[in-house]
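Asks: Quick one: structure below, then a few questions.
Residue numbers (the numbering used here): 17 to 206.
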């Protein structure tokens, strides 16, 4: 019986290690995509996503989150939502530029007009997290609660990094040089 428990634990540790490696490779691919497709704003979003990941790790340590396969899945899903928020903003910025707005207006309007979609999708996800937390234990699935906790933490942090951190980076790195970017839309992924 001891051998079975030992091999089960080893398989679990291997699964977690493999999942972390796969998540890191996936995250690197997403960061590369953001940089290639959105160029300068994508690079700024990449820095914000690294901050997002570090804040998540800090929150997990502070709150004593146990890293399990469902917890990793919650983190990866919330990472996808963080990327999605940046994509929504950048696509709105590109639309504003196509409509003839100057770069500063496009930045402000991009964040403002993307906010309702970002807010609504994140609130819907948080509601689902609360439901999973409430009923997860009823179904004998404490792993569901681990998924819900990490997803909830990630969604809250992703809202902050997408709306505050990325916006600040874009305003500091791009807006002051708006005139220099005229005719260089390719630098902005436009």
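For every residue, glycine included, the Cβ atom is placed at its ideal position computed from N, Cα and C. Fair warning: this is a prediction, and the values are worked out from it, not measured in the lab.
Quick check: residue 178 and residue 90, are their CB atoms within less than 9 Å of each other?
Replies: No, they are not a contact pair.
Asks: Which residues mark the beginning and the end of the alpha helix (DSSP H) in which residue 107 is found?
Replies: 85 to 114
Asks: Excluding the five sequence neighbours on either side, which residues of its own chain have a C-beta within less than 7 Å of the C-beta of residue 72, listed in chain order?
Replies: 91, 169, 170, 173
Asks: Pair every Cβ in the stretch 188 to 197 with every Cβ in the stretch 114 to 123, then say whether three or more of these pairs are closer than 8 Å.
Replies: yes
Asks: Quick one: what's got a C-beta closer than 6 Å to residue 108's C-beta in the same chain, skipping five residues either side?
Replies: 126, 129, 130
Asks: Start and end of the alpha helix (DSSP H) containing residue 164?
Replies: 158 to 176
Asks: With a threshold of 16 other CB atoms inside 10 Å of the CB of residue 136, please say whether the residue is buried or exposed.
Replies: exposed
Asks: What separation, rounded to the nearest whole angstrom, lies between the Cα atoms of residue 17 and residue 30?
Replies: Note that residue 17 has pLDDT 41, beneath the 50 cutoff, so the model's placement of it is unreliable and no number is given.
Asks: For residue 194, which residues in the same chain have their Cβ closer than 7 Å to its Cβ, ignoring the five residues on either side in sequence?
Replies: 118, 119, 120
Asks: With a threshold of 16 other CB atoms inside 10 Å of the CB of residue 54, please say whether the residue is buried or exposed.
Replies: buried
Asks: With DSSP run on the structure shown, which of helix, strand or coil describes residue 129?
Replies: helix
Asks: My assumption, with CB atoms under 8 Å, is that residue 139 sits in contact with residue 101. Please give the rounded CB distance.
Replies: At roughly 13 Å, the Cβ-Cβ gap does not stay under 8 Å, so residue 139 and residue 101 are not in contact.
Asks: Can you look up residue 153 in the DSSP assignment and give me helix, strand or coil?
Replies: Taken through DSSP and simplified to helix, strand or coil, residue 153 comes out as coil.
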